[in-house]
Amino acid sequence: MLHFVFKLWSFPAEKERELGHAYSEIKGLKVTEALKDKAIAEV
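For the sequence shown, the working numbering begins at 618 and goes up steadily by one.
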């Protein structure tokens, strides 16, 4: 029973961590896209 309670308690923290990783990946992709657009505009 205690394991189940701990799992429920840690679930939101795990999801927040996953969300943080996803936001970081999205930010990286936006930077990459902006750099590509800049390179294309300079050509």
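Here a beta-carbon is modelled for each residue, glycine too, at the ideal position from N, C-alpha and C.
Extent of the continuous alpha helix (DSSP H) run through residue i
i    : result
V648 : 619–659
Spatial distance of residue i from residue j (CA atoms)
i    : j    : result
E631 : E642 : 17 angstroms
P629 : E635 : 10 angstroms
A658 : A639 : 29 angstroms
M618 : L652 : 52 angstroms
V648 : A656 : 12 angstroms
E633 : F621 : 19 angstroms
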